[in-house]
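Numbering (the UniProt record's numbering), first residue to last: 1 to 516.
Here the structure comes first, spelled out in structure tokens, and everything after it is commentary.
Okay, structure coming up:
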């Protein structure tokens, strides 16, 4: 039994919305889905409509609406035990995170999407579309091998659900693979992949199956042909494979609009009009996500070479190569950060396992909670040990929740927990006190050691790549320390006084920051 078989309200309307999106009519699909969301009382229908609406918003490139749409869909899906729905939502959230420049969040959603979709017991056509959107997210992130694997899963599931082969031929995924090869200097490899893409189109046309090709795929086929022409290949004109005709049939998605603009640049180059090509490039407004940061620079290089400006072409090529390399470096850093975060998480889990269980552990960060913190400090002071406590409060956290939503806020708290835990001395203790406040405990330390710990925490937080996680919203930390003095009957008072003093010092640090 497929997913929609379990939906009890407005199933035909939801299927109609799917058909509109498959036909690249996402704006119309949004109107239909908004009506379902307003009128349905079935939680399954509402969740499905919210997930499909997120897909439509991504297709339309309405970036400002992504965060709210993800939050609404996540709330609707959270309590439904349906792997497809969770998988498709995470695949779409990965696409949205990539559009927003939050690469580490994108990778997190990719992993979750793959696990949920793999867990579907009875895959149907909706599952196939979930795998398709996951493949698209992999492709935009330049994980081309993963993208091809995911689209093959989509094709296999789709064929079993009577979805035509042409639907999941994925010319856009292979197109991004091809131009990435060209950006890195392998123009021959690029042409081989582009010719394969065009070969598939010819096969579908000759078999009379062109009607099954999605409009967005037609634009990708058109751009593949135009890009081949820009590199010197002869392409068909005046037929159904004519790139001009294909680029004009792409539907209303933002990606199609980008390919249409850059496709006109390619065709001007192929027709020996390099000045027109460069003029078109100057006025083109395309997203870096569609074909990569380096594509406009690479086309500029080809146009300059066609105009006889070989020195300018060489400079543009070097610029394209640098842009491609920067992207690869950024992806590498995301993986390094991800590995570090996993190590931090495992360290925190091992530390938490020493305590009494979940009642003493913060479920979001894996750190000891306030209850465990108070017990720990009490035990240290009762042994007569010298101890300093530090109160750490995040700067900019309210803006994170306001601009990017609470899901991003949770990711910031998890990363801060890992950063603080990573720079502490052996034997120090870190806890989440509540909200965006953390407490560190330094047994056997004085205020001079505390100042060094504060410097390390501040430096580590400053060097984190917050821009990729919450673009345009810097995150910092203000810290105040105080020494605990007292034992026995006065322990509670001593702890209270130390916390109060540390909190005042933290607020002074925050005030100094605002005054800068």
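Positions of the beta carbon are idealized from the N, C-alpha and C atoms, including for glycine.
Just so we're clear, the structure is a prediction, and the values are computed from it rather than from any experiment.
Residue 48: member of the alpha helix (DSSP H) spanning 43 to 60, first to last residue.
In the three-state scheme derived from DSSP, where H, G and I count as helix and E and B as strand, residue 273 is classed as coil. Taken atom to atom, the span from the alpha-carbon of residue 171 to that of residue 266 is near 17 Å.
Per the DSSP secondary-structure output, residue 393 pairs in a beta bridge with 437, 478. Beyond the five residues adjoining it in sequence on each side, residue 29 comes within less than 6 Å, by CB distance, of 17, 20, 21, 56 in the same chain, given in chain order. Shortest Cα-Cα distance from residue 173 to any of 155, 196, 148, 154 involves 148. Around the C-beta of residue 290, 16 or more other C-beta atoms lie within 10 Å, and the residue is accordingly described as buried.
When DSSP states are grouped into helix, strand and coil, residue 432 belongs to the strand group.
For residue 115, the enclosing alpha helix (DSSP H) has its first and last residue at 103 to 118.
Residue environment for residue 308: exposed (fewer than 16 other C-beta atoms within 10 angstroms of its C-beta). Counting along the chain, the unbroken alpha helix (DSSP H) around residue 447 starts and ends at 447 to 463.
Rounded to whole angstroms, the gap between the alpha carbons of residue 214 and residue 163 is 12 Å.
Looking only at 412, 417, 387, the smallest Cα-Cα distance to residue 498 is reached by 387. Burial check for residue 311: the Cβ neighbour count within 10 Å stays below 16, so the residue is exposed. For residue 156, the enclosing alpha helix (DSSP H) has its first and last residue at 144 to 160. Using a C-beta cut-off of 8 Å, the region 81 to 92 makes contact with the region 120 to 128, since at least three inter-stretch Cβ pairs fall below that distance. Of the other Cβ atoms in all chains shown, fewer than 16 fall within 10 Å of the Cβ of residue 314; this residue is therefore exposed. Here the alpha carbons of residue 106 and residue 112 stand approximately 10 Å from one another.
Counting only the Cα atoms, residue 248 lies some 10 Å from residue 242. The three-state secondary structure of residue 243, taken from DSSP, is helix. For residue 235, no alpha helix (DSSP H) segment is defined, and its DSSP state is neither H nor E. For residue 509, the closest alpha carbon among the candidates 495, 466, 451 is that of 451. Between the beta-carbon of residue 420 and that of residue 391 there is about 12 Å, and that puts the pair past the 8 Å contact cut. DSSP, read as helix, strand or coil, puts residue 8 in coil. Residue 24 and residue 322 have their alpha carbons spaced roughly 34 Å apart.
For residue 100, no alpha helix (DSSP H) run applies, since DSSP gives it neither H nor E. Apart from the 5 residues on each side of it in sequence, residue 140 sits with its Cβ closer than 6 Å to the Cβ of 98, 289 in its chain, given in chain order. If you draw a straight line from the Cα of residue 366 to the Cα of residue 270, it comes to about 58 Å. Counting C-beta atoms within 10 angstroms of its own C-beta, residue 200 has 16 or more neighbours from the protein chains shown and is therefore classed as buried.
A direct Cα-to-Cα measurement between residue 205 and residue 218 gives close to 12 Å. Per DSSP, residue 136 is one residue of the alpha helix (DSSP H) stretching across 125 to 140.
In this structure the region 145 to 161 does not touch the region 295 to 303; the number of beta carbon pairs closer than 8 Å is below three. Judged by beta-carbon spacing, residue 225 lies within the 7 Å limit of residue 198, meaning their Cβ atoms are closer than that value. With 16 or more other Cβ atoms inside 10 Å of its own Cβ, residue 254 counts as buried. Just measuring C-alpha positions, the residue of 77, 317, 285 sitting nearest residue 256 is 285.
Non-local C-beta neighbours of residue 210 in its own chain, meaning closer than 7 Å and more than five positions away in sequence, comprise 204, 240, ordered along the chain.
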